[in-house]
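S.K.:
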Amino acid sequence: MSKSEVHDEKVSIQKVLLQLENKYGRPTTRETKEIMKPLYDRYRNLKRLIAKFEVRRTLAEEVVSSSPPNLNTIDEHEETKEFTPKQLGTIHTLYTEDDLEPCMVTQEIPSGVRGQYKSFDPEETLQSPVDLSGRADSPLSPDSSANFKNLADASLSELIKTQNQALSDKKRVRRLLKEFEDNFFKEKGRKVQKEDRGPMEDEYNEYKRVKKQLKLLDALMEKHQSQTNTGVT
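Below is the structure:
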């Protein structure tokens with residue numbers, strides 16, 4: 060599929076999701092979530108494809124602009140060993156997929172149509188087994204200022220490498236927490252509460268830290284892309 064075809068299908072699915080939400084409300088039971096799951100998965104799939112298109116084009120432009128004159132031009136659709144954003148191209152179809160941060164479905168619907176729908180957040184509807192949404196922490200803790208400066212000065216290719224590592228860390232910790240919560244439920248017959256997290260407190264804190272880092276990386280990558288687009292136009 061071309062980028063325009065992917066974008067058109069994504070907008071169509073956005074509208075369908077919003078219409079269903081307005082008519083029936085957000086799914087809250089396991090049965091309704093499972094019924095809606097294919098639409099959510101397809102929406103995330105298309106969103107990742109669009110991100111892959113954008114990052115690949117930006118990386119190609121970055122490589123070309125920094126290459127000596129005697130090097131061949133890299134086509135924007137050409138895969139390269141050094142810069143292929145593999146994680147951005149990986150689509151997970153599991154119900155517990157949590158690689159993407161919450162994203163508003165309405166953000167790419169034309170402004171003339173957007174007012175007809177309420178904001179809809181797929182991640183808010185399909186909650187992860189590890190629910191840290193109740194925390195009211197700031198995006199960056201005081202001791203992360205040095206890390207912020209390093210990331211702010213990084214190139215787009217460096218940000219992507221850091222993002223890949225963060226996604227890997229997030230999956231690893233999330234598996235540990237999921238196993239802990241499943242075992243706790245089997246033993247106690249109830250979900251883990253905040254006061255029950257003692258043995259895994261470090262892992263919960265790491266999971267929260269990685270989520271913040273991914274949000275920061277997303278913002279910095281979007282800034283890089285917008286600057287590139289401004290320079291091209």
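Mind the numbering: the sequence shown is residues 60 to 292 in the working numbering, read in order.
Even glycine gets a Cβ: it sits at the ideal position worked out from N, Cα and C.
On a predicted model such as this, the values are computed, not experimentally measured, just so you know.
1. Assuming residue 69 contacts residue 96 under a Cβ cut-off of 8 Å, what Cβ separation, rounded to an integer in Å, is found between them?
2. Which two residues bound the contiguous alpha helix (DSSP H) that contains residue 234?
3. If you compare alpha carbons, which of 247, 222 and 99 is closest to residue 76?
4. So residue 244 packs on residue 250, CB below 8 Å; how close in whole Å?
5. Less than 8 Å between the C-beta atoms of residue 225 and residue 272, yes or no?
6. Mind reading off the beta-carbon distance from residue 280 to residue 236? Whole number of angstroms is fine, and I expect it under 8 Å.
7. For a quick check, are the C-beta atoms of residue 270 and residue 230 less than 8 Å apart?
8. Quick one: give me the first and last residue of the alpha helix (DSSP H) that residue 254 is part of.
9. Thinking C-alpha only, which one of 83, 278 and 241 is nearest residue 211?
10. CA-CA distance, residue 73 and residue 265?
11. Kindly indicate the opening and closing residues of the alpha helix (DSSP H) around residue 67.
12. Kindly indicate which three-state DSSP category residue 212 falls into: helix, strand or coil?
13. If you compare alpha carbons, which of 246, 232, 71 and 218 is closest to residue 114?
14. Suppose you measure from the CA of residue 209 to the CA of residue 259; what does that come to, to the nearest Å?
15. Taking all protein chains shown into account, do 16 or more other C-beta atoms lie within 10 angstroms of the C-beta of residue 88, making it buried, or fewer, making it exposed?
16. DSSP state of residue 88, grouped into three classes?
17. Report the rounded CA-to-CA distance for residue 239 versus residue 61, giving the unit in angstroms.
18. Mark residue 263 as exposed unless 16 or more other C-beta atoms lie within 10 angstroms of its C-beta, in which case mark it buried.
19. Can you name, in chain order, every residue of its own chain whose Cβ lies under 7 Å from the Cβ of residue 101, other than the five neighbours on each side?
20. On a CA-only basis, which of 91, 86 and 103 is nearest residue 66? Give me that one, please.
M.R.: On the basis of the coordinates in this document:
1. Along the sequence shown, read from residue 1 onward, the residue named residue 69 stands at position 10. Along the sequence shown, read from residue 1 onward, the residue named residue 96 stands at position 37. Contact flag wrong, Cβ pair sits at about 17 Å.
2. As a position in the sequence shown, residue 234 is number 175, starting the count at 1. Its alpha helix (DSSP H) spans residues 215 to 247.
3. The residue given as residue 76 occupies position 17 in the sequence shown. It is 99.
4. Walking along the sequence shown from the start, residue 244 turns up at place 185. Walking along the sequence shown from the start, residue 250 turns up at place 191. With 8 Å as the limit, residue 244 and residue 250 qualify as a contact, their Cβ atoms being about 6 Å apart.
5. Position 166 of the sequence shown, counted from the first residue, corresponds to residue 225. Position 213 of the sequence shown, counted from the first residue, corresponds to residue 272. Cβ distance < 8 Å, so residue 225 and residue 272 count as in contact.
6. One-based indexing of the sequence shown puts residue 280 at position 221. One-based indexing of the sequence shown puts residue 236 at position 177. Contact flag wrong, Cβ pair sits at about 26 Å.
7. If you number the sequence shown from 1, residue 270 lands on position 211. If you number the sequence shown from 1, residue 230 lands on position 171. Not closer than 8 Å, so no.
8. On the sequence shown, residue 254 is found 195 positions in, with the first residue counted as 1. It is not in any alpha helix (DSSP H) - residue 254 carries neither H nor E in the DSSP assignment.
9. Residue 211 sits at position 152 when you count from the first residue of the sequence shown. Residue 211 has its Cα closest to that of 278, out of 83, 278 and 241.
10. Numbered from its first residue, the sequence shown carries residue 73 at position 14. Numbered from its first residue, the sequence shown carries residue 265 at position 206. Near 32 Å, if we compare the C-alpha coordinates of residue 265 and residue 73.
11. Your numbering for residue 67 matches position 8 in the sequence shown. Run containing residue 67: 62 to 83, per the alpha helix (DSSP H) assignment.
12. As a position in the sequence shown, residue 212 is number 153, starting the count at 1. Coil at residue 212, not helix or strand.
13. Looking up residue 114 in the sequence shown gives position 55. The option with the nearest alpha carbon to residue 114 is 218.
14. For the purposes of this step, residue 209 is taken as the residue at position 150 of the sequence shown. For the purposes of this step, residue 259 is taken as the residue at position 200 of the sequence shown. Roughly 29 Å between the two C-alpha positions.
15. Translated into positions along the sequence shown, residue 88 becomes position 29. Per the 10 Å Cβ criterion, exposed.
16. Within the sequence shown, residue 88 is the residue found at index 29, counting from 1. Note: residue 88 maps to coil in three-state DSSP.
17. As a working mapping, residue 239 is identified with position 180 in the sequence shown. As a working mapping, residue 61 is identified with position 2 in the sequence shown. Going by the C-alpha atoms only, they are around 42 Å apart.
18. What you label residue 263 is simply residue 204 of the sequence shown in a count that begins at 1. It is buried - the Cβ of residue 263 has at least 16 other Cβ atoms within 10 Å.
19. Mapped onto the sequence shown, residue 101 falls at position 42. Excluding positions up to five away in sequence, the list reads 72.
20. Working through the sequence shown from its first residue, we reach residue 66 at position 7. Of 91, 86 and 103, the residue nearest in Cα terms is 103.
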